[in-house]
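Mapping the sequence shown onto the UniProt record's numbering, position 423 (from 1) lands on 423, and the numbers just tick up by one.
Notes follow once the structure below has been shown.
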Amino acid sequence: MNSHSAEPIRNDLSVLPSVDGLLSLPEAQALAERCSEAWVKEAARAALDDLRAAIRGGATACPDRAAATEAAVGRMRAWVEARLRPSLRRAVNATGVVLHTGLGRAPLPQAAMRQVAAVAGGYCNLEIDLEDGERGERVSHVERLLCDLSGAEAAAVVNNNAAAVLLTLNTLARDREAAVSRGQLIEIGGSFRIPDVMARSGARMVEVGTTNRTHLKDFRDAITERTGLLLSVHPSNYRVMGFTAEVGLGDLVTLGREFGVPVAHDLGGGVLIDLRPYGLPYEPLVSDSVRAGADVVTFSGDKVLGGPQAGVIVGRKGAVEAMRRNPLMRALRCDKLTYAALEATLRLYLRPAALLKEHPTLRMLTEPVAALRRRARRLMKGLKGLEGRVEARLEESVAYTGSGALPLEEIPSAAVTLRPRAGSAAGLARGLRLCEPAVVGYVREDRVYLDVRTVRDEEVRTVAEAIRKVCA
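Pasting the structure below:
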């Protein structure tokens, strides 16, 4: 008599196979060829735990051992597939936020990607002078470019702007006082606070003025023999409006020179060209700060500049070289991929006539609304036949620069908005995020908004296919 066929039909936990039983199956051995045995064992345990909970909750019916084994193997396979899939994946940004921190900020120009690919898979002259064969400095690959574009005497590069501020304070004001206006004690995303960075740097913060009004006299009164630095911070992610007063950088520099105290200007975003000809409001230029006489100017590489994550430092030669000699520099320095991308991005600024065509961030910020409407209509055409499943409309929308840049600027844009006939907008948005590649929009008033200012022309079909898949 066949004992397996005589086994009564049940829907209880006794039909579950053991971990060892699962691991002995050919399917488990096939999985072990794609990952470690430890992962396969963990997958078996996780599959049985999940299946056990599903049976108890009535969500799954397993009448016999064969059905339970099949269900467990399926869960094992899904567990392994999920962990083999890269965690960092491509996404289509349909939020309308050009420099979306959660989505990686600035997309790199094609020239930068080509340069990264050229050095990533092999060796390069990161720290070797090819002329004499001696050891060189990695910053040499971008220093001349940064000085030409900013008017500075010297430059340094670290891994982000927070590191640039930390290195500035630690080099110029460690165990000394750094004076800063109360109205500039900013906090940006990720709980980065100027007072906290000062504390870690070893500088003692001296607050001057009030939240809304700070005068030159406030800085003058704060200067003592212990003062090591006067710090000016550009409030890139907010504005103080109304009854306000602040000290201009030029006046602060004049005061600093009177007392022999260096001045640092943290620009945050860092803009290399005047954006006004492109219809955007004025943002302080790096060259303006250098021209005003700041000893050190710091800014980000992956915001409006449009390059990789980096903290860029430019300024007077003595101050910058002191920072490059600081032992912290080794902990904060960038790798060859960052330098490759940064150099290629900076070179685009040497050809202003072609900049908008080749610079994704500036192109997205300045693209005419008429072009966006055409892109949105293309997306709408790709949704034909889905009228019974989702209502799609072309609407006006508002885009933003993001990452603390141009915080008050609302950029006119266009969006395709979706309302599912069944289910919720939140469910549709989640489904789009789980597509490959992910499509990330936002939900407002029970509609999914897909803002096309941040969707490239070649991504329109990808977005349409994702919508069709989720709404199928």
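By construction, the Cβ of each residue, glycine as well, lies at the ideal position given by its N, Cα and C atoms.
{"query": "Buried or exposed: where does T227 fall if 16 or more other Cβ atoms within 10 Å of its Cβ makes it buried?", "result": "buried"}
{"query": "Taking T361 as the reference, which of R325, G58, G306, A340 has the closest Cα?", "result": "G306"}
{"query": "What is the rounded straight-line gap between the Cα of T401 and the Cα of R75?", "result": "42 Å"}
{"query": "Counting only the same chain and skipping the five closest in sequence on each side, list residues whose C-beta sits under 6 Å from that of C435.", "result": "A466"}
{"query": "With burial defined as no fewer than 16 other Cβ atoms inside 10 Å of the residue's Cβ, what is the status of L31: buried or exposed?", "result": "buried"}
{"query": "Give me whichever residues DSSP pairs with M205 in a beta bridge.", "result": "A178"}
{"query": "Contact defined as beta carbons within less than 8 Å: I believe A155 pairs with V312. What is the distance between those atoms, to the nearest angstrom?", "result": "7 Å"}
{"query": "So with Cβ pairs under 7 Å, would you call A162 a contact of chain D?", "result": "This model lacks chain D altogether, as it is built from one protein chain only."}
{"query": "Given this structure, state the Cα-to-Cα distance separating V157 from V139, to the nearest angstrom.", "result": "7 Å"}
{"query": "For G21 and A46, I'd like the C-alpha separation in whole angstroms.", "result": "14 Å"}
{"query": "Can you tell me whether DSSP reads T264 as helix, strand or coil?", "result": "A small correction: the amino acid at residue 264 is Ala; Thr does not occupy that position in the sequence shown. Three-state result, A264: strand."}
{"query": "CB-CB under 6 Å to V443, same chain, minus the five flanking residues each way: which ones, in chain order?", "result": "A425, A426, A429"}
{"query": "According to DSSP, is E153 helix, strand or coil?", "result": "coil"}
{"query": "Given 8 Å as the limit, is there contact between the stretch 243-258 and the stretch 192-199, that is, 3 or more CB pairs closer than that?", "result": "no"}
{"query": "Report yes or no: do three or more beta-carbon pairs, one from the stretch 339-349 and one from the stretch 413-423, lie closer than 8 Å?", "result": "no"}
{"query": "Does DSSP classify T298 as helix, strand or coil?", "result": "strand"}
{"query": "Counting only the same chain and skipping the five closest in sequence on each side, list residues whose C-beta sits under 6 Å from that of A111.", "result": "A344"}
{"query": "What is the residue span of the alpha helix (DSSP H) that S289 lies within?", "result": "286-292"}
{"query": "Give me the Cα-Cα distance between A6 and V73, rounded to the nearest whole angstrom.", "result": "Confidence is the limiting factor: at A6 the pLDDT is only 42, short of 50, which leaves the residue's position unreliable, though a coordinate-based value still follows. Going from the Cα of A6 to the Cα of V73 covers about 23 Å."}
{"query": "Within the stretch 369-410, note down every full beta strand (DSSP E) run reaching 3 residues or more, in order along the chain.", "result": "390-399"}
{"query": "Spatial neighbours of R377 within its chain, please: CB distance less than 7 Å, with the 5 preceding and 5 following residues excluded, ordered by chain position.", "result": "L394"}
{"query": "Contact defined as beta carbons within less than 8 Å: I believe S289 pairs with L267. What is the distance between those atoms, to the nearest angstrom?", "result": "6 Å"}
{"query": "May I ask which residues mark the beginning and end of the alpha helix (DSSP H) holding G74?", "result": "65-84"}
{"query": "What are the start and end residues of the beta strand (DSSP E) that includes G228?", "result": "227-233"}
{"query": "N170 by DSSP, collapsed to three states: which one?", "result": "helix"}
{"query": "Going along the chain, which residues of its own chain have a beta-carbon closer than 8 Å to the beta-carbon of T454, five neighbours each way excluded?", "result": "N93, A94, T95, G96, V97, V98, H100, M364, A399"}
{"query": "Suppose you measure from the CA of R433 to the CA of V439; what does that come to, to the nearest Å?", "result": "5 Å"}
{"query": "Classify D129 as buried or exposed, calling it buried when 16 or more other Cβ atoms lie within 10 Å of its own Cβ.", "result": "exposed"}
{"query": "If you reduce the DSSP assignment to three classes, tell me which class I55 lands in.", "result": "helix"}
{"query": "How long is the line joining the alpha carbons of F259 and V297, rounded to whole angstroms?", "result": "20 Å"}
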